[in-house]
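First to last, the protein sequences are chains A and B. Sequential numbering of the first sequence, starting at 1, is according to our numbering. Sequential numbering of the second sequence, starting at 255, is according to our numbering.
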Amino acid sequence: MNGTATPLVEMRNIEKYYGRIHALQDVNLTIRPGEIVGLLGDNGAGKSTLIKVLSGAVPYTSGKIRIKGREVTLRSTSDAIEAGIETIYQDSALVPQLSIARNLFMGRELRKGPRFFDWMDQERMNEVAGQLLKRVGISKDIPATTPIGALSGGERQAVAIARAMHFESELIILDEPTNNLGVAETQGVLRFVREVRNQGHSCIFIAHNIHHVFQVVDRMVVMRRGKVAADDLDPETSSIQEVENIITGEHLAA
Amino acid sequence: MTDTRTTAKSATPPKGPGALKRLVAMPEFAPMVLLAVMLVVFTAINPAFLSLRNISNALTFTVELGLIALAMTLLMTSGEFDLSVGSVFGFAPVVMWALFNTLGLPLFPAFLIALVVALCIGMVSGIFVTALRIPSFLVTLGMLLMVRGSALWLTSGFPQRTWDAGEQWLAAVLVGDFYIGGLRIYMSLIWFILIALAAHLLLTRTRFGNWIQATGGNEGAARNRGVPTKRVKLILFMLSAAMAGLAGIISSIRVSAANPNSGMGYELEVIAMVVIGGTVLTGGRGTIIGTVLGVLILRLMRNGIVLIGVPGLAYNIFIGAIILGMMALHAGLERRHNEGT
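Given below as structure tokens:
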């Protein structure tokens with residue numbers, strides 16, 4: 001816990017009300033560069049709300065967010081992407097009808113020729129996409145023109161992660177990336193997450209399956225009833241049982 | 255379909271049977287086959303079907319609905335549709351000719367004002383759909399009634415005179431005609447071809463086209479990536495209304511009458527053309543080539559069944575059957591495609 005470097009993300013005293021429901025209560029969260037943080041908590045604990053706040057999808061009632069020491073206001077998801085925060089929601093990150101390359105560059109298509117014609121540089125996009133797929137370690141030879149609809153769940157996650165890496169997102173938030181995936185595909189996704197860290201990106205990993213979280217993260221944060229219940233659990237020293245107790249609140253009863 | 259998937263994944267470009275399978279999997283394949291069958295059957299029964307005169311006639315009427323169908327294809331690819339196009343088709347020419355006849359405005363400014371009015375109608379529909387999140391079915395149904403009502407009220411239900419127009423260069427540009435060999439070609443056909451080409455390139459090659467497909471395919475994902483999905487839809491609503499207005503004006507010049515009732519039911523015929531061509535009603539997948547085929551299928555069907563001696567009143571039976579057949583076919587292909595994932 002030697003936090004000498006400037007934290008990548010600092011969320012301070014975040015409060016969020018949905019009408020009368022107090023969804024986030026005085027939440028503090030710090031993410032350091034190159035760190036993989038597991039975010040755990042039961043349904044309704046506030047994980048999703050926290051992530052939506054950080055990705056600019058919902059406004060927060062009060063509090064401060066600093067990115068690399070600079071205070072920011074996140075009004076929309078594009079603000080967050082601009083600030084280097086990329087959120088990959090399960091199954092909602094990609095357009096199934098479009099090709100891998102078109103998905104990778106969606107919203108940031110490469111163009112050529114006069115601006116007026118708005119021409120996409122498809123050859124170049126396909127080429128870059130092909131290299132990118134190799135970089136995230138998709139071993140199978142999939143052409144970049146394949147529609148997303150023809151890929152498996154794990155391959156789709158890989159494409160979404162590759163996209164975040166290519167656009168130099170400093171923080172990649174993965175919302176339940178291993179849900180509905182088979183064993184081999186889950187291992188693949190966990191490998192991508194390690195690859196993300198090796199390339200110097202930070203990552204927030206949200207999962208119901210504590211075993212998956214334990215395999216890749218550096219630190220775990222547990223939320224309960226809108227508050228951070230613990231934020232420095234080390235997967236090396238804590239046991240799964242301890243973490244589960246904090247999630248359910250057993251440790252308070254004991 | 256599993257085979258298509260493996261071919262698509264192999265590194266080398268597929269040859270022979272693979273290419274054939276890809277052709278079959280294209281959304282344009284079914285309408286292409288249907289059009290070919292129609293041409294063969296109609297010509298076999300009545301060779302006059304392929305005569306220059308008949309083709310020229312069929313093409314003339316085709317383009318007015320076809321122009322709307324092109325814009326509707328883009329709008330439907332983005333996941334919305336517009337029921338008010340038939341009303342705008344009737345309303346825009348009424349506005350233009352009313353300005354020309356009663357205010358004495360020159361034809362070209364009147365034409366521009368009519369198009370701006372159409373754009374505004376599309377913008378209002380677009381704002382209701384995107385900002386208020388009301389389904390486009392309801393918004394454009396309301397707009398259909400309002401616009402048709404305005405056209406009737408403005409004219410007291412009477413057609414606008416267009417015969418005072420005399421020789422107008424605008425009329426010549428929009429619907430003038432010339433002969434290539436024995437084939438009489440109307441300018442509106444040239445406009446249709448140019449606009450179809452532009453729409454095809456827009457949808458398949460440009461960034462905006464990628465945004466249209468992304469908006470219809472997975473709006474949330476597109477928005478998360480910074481695609482301005484609302485602006486995309488708004489622009490397409492405006493485009494479809496403007497096309498409907500332009501088509502209505504072309505039609506009014508051609509038939510020398512601006513009838514406030516014209517264009518009734520066109521919205522459904524246009525949507526039929528688009529879906530027969532392989533564009534999906536729910537968005538994400540659209541094809542201009544398919545729509546051009548769909549336009550030709552519907553028009554040649556109307557023309558052909560009369561020529562082979564089927565009563566013209568039976569036309570709708572055939573169109574309905576084609577829609578149902580095509581939808582069954584597309585649904586079947588889609589299901590096989592999804593099972594492959």
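Where is the CB? At the ideal position from N, CA and C, for every residue including glycine. Quick caveat, the model's predicted, so the values are computed rather than measured.
Run of the alpha helix (DSSP H) containing residue i, from where it starts to where it stops
i                 : result
Gly-463 (chain B) : 461-471
Thr-30 (chain A)  : No alpha helix (DSSP H) holds Thr-30 (chain A); the beta strand (DSSP E) holding it covers 21-31.
Ser-379 (chain B) : 361-384
Asn-180 (chain A) : Note, Asn-180 (chain A): premise wrong, no alpha helix (DSSP H); not H, not E.
Tyr-520 (chain B) : 520-530
Lys-134 (chain A) : 122-135
Phe-214 (chain A) : 210-216
Arg-508 (chain B) : 483-509
Contacts of residue i in chain A (Cβ-Cβ under 7 Å)
i                 : result
Gly-519 (chain B) : Within 7 Å Cβ-Cβ: nothing; Gly-519 (chain B) doesn't reach chain A, min ~31 Å.
Arg-479 (chain B) : Met-106, Gly-107
Ala-468 (chain B) : Val-95, Leu-98, Met-106
Chain A contact for residue i (CB, 9 Å cutoff)
i                 : result
Thr-460 (chain B) : yes
Asn-472 (chain B) : yes
Ala-284 (chain B) : no
Ala-262 (chain B) : Caution is warranted here: a pLDDT of 40 is assigned to Ala-262 (chain B), below 50, making its placement in the model unreliable, and no coordinate value can be reported.
Ala-385 (chain B) : no
Ala-205 (chain B) : Within the shown structure, residues of chain B are numbered from 255 to 595, placing residue 205 (chain B) beyond reach of any answer.
Thr-595 (chain B) : Note on Thr-595 (chain B): pLDDT 41, under 50, position unreliable in the model; the coordinate value appears next. At least one chain A Cβ lies under 9 Å of Thr-595 (chain B).
Arg-589 (chain B) : no
Arg-259 (chain B) : With a pLDDT of 41 at Arg-259 (chain B), under the threshold of 50, the modelled position of this residue cannot be trusted, and the question is left open.
Lys-269 (chain B) : Low per-residue confidence applies at Lys-269 (chain B): pLDDT is 47, beneath 50, and the placement is therefore not dependable, though the value from the model is reported in the following sentence. No, no contact with chain A.
Ala-265 (chain B) : For Ala-265 (chain B), the pLDDT reaches just 41, beneath the cut-off of 50, and the residue's location in the model is therefore unreliable, although a value from the coordinates is still provided. Cβ-Cβ to chain A under 9 Å: yes for Ala-265 (chain B).
Closer than 9 Å to chain B by CB, residue i
i                 : result
Ser-78 (chain A)  : yes
Ala-93 (chain A)  : yes
Arg-111 (chain A) : yes
Asp-175 (chain A) : no
Arg-75 (chain A)  : no
Asn-2 (chain A)   : With a pLDDT of 47 at Asn-2 (chain A), under the threshold of 50, the predicted position of this residue should be treated as unreliable, though the coordinate-derived value follows. No, its Cβ sits nowhere closer than 9 Å to a Cβ of chain B.
Pro-96 (chain A)  : yes
Ile-14 (chain A)  : no
Tyr-89 (chain A)  : yes
Ile-81 (chain A)  : yes
Ala-57 (chain A)  : yes
Glu-10 (chain A)  : no
Phe-117 (chain A) : yes
Residue i versus the options, residue with shortest Cα-Cα distance
i                 : options                                    : result
Ile-21 (chain A)  : A:Glu-109, A:Asp-231, A:Thr-237, A:Arg-225 : A:Arg-225
Gln-25 (chain A)  : A:Arg-32, A:Tyr-17, A:Ile-31               : A:Tyr-17
Arg-156 (chain A) : A:Asn-126, A:Gly-188, A:Glu-71, A:His-211  : A:Gly-188
Phe-167 (chain A) : A:Glu-86, A:Gly-56, A:Leu-50, A:Leu-74     : A:Glu-86
Glu-523 (chain B) : B:Val-317, B:Pro-301, B:Leu-406            : B:Val-317
Arg-70 (chain A)  : A:Gly-84, A:Thr-61, A:Thr-77               : A:Gly-84
Leu-313 (chain B) : B:Met-580, B:Ala-452, B:Gly-558, B:Met-286 : B:Gly-558
Ser-341 (chain B) : B:Ala-496, B:Val-528, B:Gly-517            : B:Gly-517
Val-128 (chain A) : A:Val-216, A:Ala-101, A:Pro-114            : A:Ala-101
Leu-535 (chain B) : B:Thr-327, B:Met-441, B:Ser-506            : B:Thr-327
Ser-379 (chain B) : B:Ala-405, B:Leu-337, B:Ala-352            : B:Leu-337
Ala-511 (chain B) : B:Thr-409, B:Ile-525, B:Ile-542            : B:Thr-409
Leu-280 (chain B) : B:Thr-541, B:Arg-556, B:Ile-577            : A quick correction: the sequence has Met, not Leu, at residue 280 (chain B). Among B:Thr-541, B:Arg-556, B:Ile-577, the Cα nearest to that of Met-280 (chain B) is on B:Thr-541.
Leu-132 (chain A) : A:Ala-144, A:Arg-219, A:Asn-43             : A:Ala-144
Glu-176 (chain A) : A:Arg-75, A:Lys-68, A:Ile-204              : A:Ile-204
Ala-573 (chain B) : B:Val-528, B:Leu-395, B:Trp-465, B:Arg-539 : As written in the sequence, residue 573 (chain B) is Ile, which differs from the Ala given in the question. If we check each option's Cα against that of Ile-573 (chain B), B:Val-528 comes out closest.
Thr-458 (chain B) : A:Leu-39, A:Arg-135, A:Leu-98              : A:Leu-98
Thr-30 (chain A)  : A:Ile-240, A:Arg-219, A:Thr-146            : A:Arg-219
Gly-320 (chain B) : B:Ser-442, B:Met-580, B:Cys-374, B:Leu-455 : B:Ser-442
Val-193 (chain A) : A:Arg-115, A:Ser-238, A:Ser-152, A:Ile-88  : A:Ile-88
Partners in chain A for residue i, counting only beta-carbon separations shorter than 9 Å
i                 : result
Gly-607 (chain B) : Here chain B comprises residues numbered 255 to 595, so residue 607 (chain B) is not present and cannot be evaluated.
Gly-586 (chain B) : The premise fails here: Gly-586 (chain B) is roughly 16 Å from chain A at the closest Cβ pair, so nothing lies under 9 Å.
Residue i - containing beta strand (DSSP E), residue span
i                 : result
Phe-283 (chain B) : That residue, Phe-283 (chain B), is in no beta strand (DSSP E); its alpha helix (DSSP H) goes 283-299.
Asn-13 (chain A)  : 9-18
Neighbour list for residue i in chain B, Cβ cutoff strictly below 7 Å
i                 : result
Met-120 (chain A) : Arg-459, Thr-460, Arg-461, Asn-464
Arg-102 (chain A) : Asn-464
Where residue i meets chain A, residues with beta-carbon distance less than 8 Å
i                 : result
Ala-279 (chain B) : Here the premise fails: no neighbours, minimum Cβ distance about 11 Å.
Cross-chain neighbours of residue i in chain C, by beta carbon under 8 Å
i                 : result
Ala-476 (chain B) : Chain labels in this structure do not include chain C; the protein chains are A and B.
Neighbouring residues, chain B, relative to residue i (Cβ below 9 Å)
i                 : result
Arg-135 (chain A) : Going along chain B, no residue has its Cβ under 9 Å from Arg-135 (chain A), so there is no contact; the nearest lies around 18 Å.
field: Short-range partners of chain A found in the region 529-541 of chain B, where Cβ spacing is below 7 Å
entry: Under the 7 Å Cβ criterion, the region 529-541 of chain B contributes Gly-538, Arg-539.
- prompt: Got a sec: which bits of the region 437-466 of chain B sit with their beta carbon under 7 Å from any beta carbon on chain A, in order along the chain?
  reply: Of all residues in the region 437-466 of chain B, Arg-459, Thr-460, Arg-461, Phe-462, Asn-464 have a Cβ within less than 7 Å of some Cβ in chain A.
Near-chain A residues of the region 317-339 of chain B - C-beta to any C-beta below 7 Å: Within the region 317-339 of chain B, not one residue has a Cβ closer than 7 Å to any Cβ of chain A.
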